[in-house]
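So the sequences go chain by chain: A and B. Start counting the first sequence at 4; every next residue gets the next number (the working numbering). Start counting the second sequence at 4; every next residue gets the next number (the working numbering). From the three backbone atoms N, C-alpha and C, an ideal C-beta is built for every residue, glycine too. Quantities reported herein were computed from a predicted structural model and do not represent experimental measurements.
There are 2 protein chains.
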Amino acid sequence: MLKVVAVDLGGTNLRAAYFPNDDPHPESQTKTPTHAQEGPDAVVAQIVRSIEKVAPDDRRHLRIGVGVPGPLDPVEGVVLDTPNLPGWLNLPLKRLLQERCRVPVVIGNDANVAALGEWRYGAGRGANDILYLTISTGIGGGVITGGRLLLGVKGLAGELGHMLVNPGGAVCGCGRRGHLEAEAAGPAIARKFRERLAAGAHSSLTDRADATQEITTADVGRAAKDGDALARSVIEEAAHIIGVQLASLVHAFNPQVIVVGGGVSALGPLLFAPMEQALRDNIMHPVYLNDLKIAPASLGDDAGLIGAMVLARET
Amino acid sequence: MLKVVAVDLGGTNLRAAYFPNDDPHPESQTKTPTHAQEGPDAVVAQIVRSIEKVAPDDRRHLRIGVGVPGPLDPVEGVVLDTPNLPGWLNLPLKRLLQERCRVPVVIGNDANVAALGEWRYGAGRGANDILYLTISTGIGGGVITGGRLLLGVKGLAGELGHMLVNPGGAVCGCGRRGHLEAEAAGPAIARKFRERLAAGAHSSLTDRADATQEITTADVGRAAKDGDALARSVIEEAAHIIGVQLASLVHAFNPQVIVVGGGVSALGPLLFAPMEQALRDNIMHPVYLNDLKIAPASLGDDAGLIGAMVLARET
């Protein structure tokens, strides 16, 4: 059986793990800071060190799977550029790692890779048509359709956070305005909360109004869980925006399961209830809702690592 | 080789044709009014008569492919309901036709079926990742991804006309508000033109302002081609709305070719130029535009019939 070293490269942390078979519990793993600001050469060297640390001595039947923040070209194995990793521009990551590690390497967009993990081992297990959305600092996506990862002609498909929802709205991570990510991800929730507070809205965090710049998405989430009406309404608004877009995506993809992960999904029913309501309210025909399951992601922080294992195994 | 009788069932006309092989020029064909108002039994009987008229005596290796306005379940072969065919509700069309014609039957959503036609014989030939949009009275869609028709779990995928573009906007054919179809298909163009005219805007059609209810999409199209500024601006507005949604769809699907058909696409550059501009202006990364081709559909009215042949042959 194929053995896999999986790598989950994030802007903050870099994880690597060795999976000797298809058991999703790795035999060994390592986690280090990415030190992204040191530039691509240093990060690639760090990836190689992490791989060496967990890889077995016998490298026959070994493959490496890597999840990387996109956009990237998984066919050519090139990271085009990525806001989270300064200086990465058209970096041939696949070739670089293959030259240094001397085993086949497969790279994939981190959200696509997490979708693979949730599909094979998480909340999407058993289904062939899955929509995966991860909501945290940004909004990423991955689609499984007919039992295959949706890639598109250059492997750039599944960027579901970049649907236009508010023309002329907030600036998105990609540079455009009003995308779903810019209007409903974690930073949008914190920003809207601070704006309302600054405009005089009452909240349990009003006492901190003198330091409104410091209020984070996590603060808003805690306040909402404690019953703060303003925090709840801001979260509901983001959930509504996401649910409306999910309706459009359901018409496009007709999924069996929608899996929602990422830090913001930890809000639980505060997010899911209004999101599901908006989805239902905007569906063109009830048949799309028959047997549709909307589930929180179940692999947590391991989705990327386990997904990179799936990527290497099934590509 | 498989022989196919293809049927294109529309709200107005019903066409059937016999394709003895994979040549897209049928050996025989027939076209009759659908008489949709007479209800499903009469229409089904008329479909059977049309099939009998073109089908060969030797029915070995014969299949029937039928394109029908959705939503429908192609797996079970059931038309759920369809605004264009009064009285059709959960009609088991596949079973009914199989019983009467005694050959295997495959049914598909008309826009999906047209996408298959354009893929194999039209403007999408040679590509594996295609977005097909048909803009006429409504807006329908079909997606080919990785060389397969995107179906989703129940075959309901590809309803690209039902993305929300204007919350609380015009009522859509599906009953919801503000969908792409409601804001940018032919009737929306005519409606917006009449509204502007009624509000006092000047146009070469101003003389007909006493009969503004009579101005059709075709009138607006002709006026635009003759240089009428109001007609052009209304068409540009619709094209902009469509182009913006195409950008979102390109992020989701990363197609190689976007094929645009339907009556409104006959406007040519008046539609395509502003549509492509809006698409480009809203793309998150230029890499999506590399080698992306945007092409008018090339099969015209035959897309449905030829697509139904492809459906029967490849399913």
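For Thr35(A) against Val46(A), the beta-carbon gap comes to about 11 angstroms, at or over 8 angstroms, which does not count as contact. Taken in chain order, the complete beta strand (DSSP E) segments of 3 or more residues contained in the segment 133–206 of chain B are 133–138, 142–148.
Shown here is that no member of the segment 99–123 of chain B has a Cβ falling below 8 angstroms from a Cβ of chain A. Partner residues in the beta bridge of Gln32(B), as assigned by DSSP, are Ala20(B). By DSSP's assignment, Ala298(B) forms a beta bridge with Val262(B). Taking a C-beta distance under 8 angstroms as the contact criterion, Thr137(A) and Gly264(A) qualify as a contact pair.
Cβ-Cβ separation between Thr140(A) and Gly189(A): approximately 6 angstroms, consistent with a contact (criterion under 8 angstroms).
Glu41(A) counts as exposed, since fewer than 16 other C-beta atoms from the protein chains shown sit within 10 angstroms of its C-beta. In the three-state reduction of the DSSP assignment, Ala9(B) falls in the strand class. In this structure, Ala173(A) keeps its C-beta atom at 8 angstroms or more from the C-beta atom of Arg179(A). Inter-residue distance for Trp91(A) and Val51(A) is about 17 angstroms (C-alpha atoms, whole angstroms). With a cutoff of 8 angstroms on beta-carbon distance, Val69(A) and Val106(A) are scored as not near each other. When the alpha-carbon of Ser301(A) is set against those of Leu274(A), Ser268(A), Arg316(A), the nearest one is in Ser268(A). Residues of chain A with a Cβ closer than 9 angstroms to the Cβ of Gly161(B) are, in chain order, His254, Ala255, Phe256, Asn257. The distance from the Cβ of Val8(A) to that of Ala130(A) is about 28 angstroms, inconsistent with a contact at the 8 angstroms cut-off.
The beta carbon of Asn285(A) sits closer than 8 angstroms to those of Gly246, Val247, Ala250, Ser251, all from its chain and outside the five residues before and after it, given in chain order.
Against Gly149(B), the close residues of chain A are Arg151, Leu153, Leu154, in the order they occur along the chain (beta-carbon pairs closer than 8 angstroms). Boundaries of the alpha helix (DSSP H) harbouring Gly307(A): 306–317, taken from the DSSP string. Sequence-distant Cβ neighbours of Arg98(A) in its own chain, meaning closer than 7 angstroms and more than five residues away, are Gly80. Counting the other Cβ atoms within 10 Å of the Cβ of Gly203(A) gives fewer than 16, which makes it exposed. The C-alpha of Asp61(B) lies about 23 angstroms from the C-alpha of Leu96(B).
Minimum Cα-Cα distance from Gly150(B) among the listed residues Ile218(B), Ser207(B), Glu217(B), Leu119(B) corresponds to Leu119(B).
Annotation: Ser236(A) has no Cβ neighbours in chain B at a cutoff of 9 angstroms; minimum Cβ distance is about 17 angstroms.
The shortest C-alpha to C-alpha distance from Met278(A) to any of Asn293(A), Gly161(A), Val262(A), Ala193(A) is the one to Val262(A).
In the DSSP annotation of this structure, the continuous segment of the alpha helix (DSSP H) that includes Leu249(A) starts and ends at 232–256. Residues of chain A with a Cβ closer than 9 angstroms to the Cβ of Pro74(B) are, in chain order, Met287, His288, Val290, Tyr291.
Looking at the DSSP output, Leu65(A) shares a beta bridge with Lys6(A). Rounded to whole angstroms, the Cβ separation of Thr219(A) and Ala193(A) is 6 angstroms, and the two are in contact under 8 angstroms.
Counting only the Cα atoms, Val237(B) lies some 43 angstroms from Val223(A).
By the rule that beta-carbons nearer than 8 angstroms mark a contact, Asp132(B) touches chain A.
Runs of the beta strand (DSSP E) lying entirely within the segment 49–134 of chain B, each at least 3 residues long, are 65–71, 81–84, 92–94, 108–112 in chain order. One finds Ala250, Asp284, Asn285, Ile286, Met287 in chain A with Cβ atoms closer than 9 angstroms to the Cβ of Arg179(B), taken in chain order.
Interface criterion met: the Cβ of Val247(A) is under 8 angstroms from a Cβ in chain B.
Below the 8 angstroms Cβ cutoff, chain A contributes no neighbours of His64(B), its closest Cβ being approximately 27 angstroms away. Going by DSSP, Thr37(B) is part of no alpha helix (DSSP H) at all; its letter is neither H nor E. Note on geometry: alpha-carbon atoms of Phe22(B) and Thr15(B) lie some 23 angstroms from one another.
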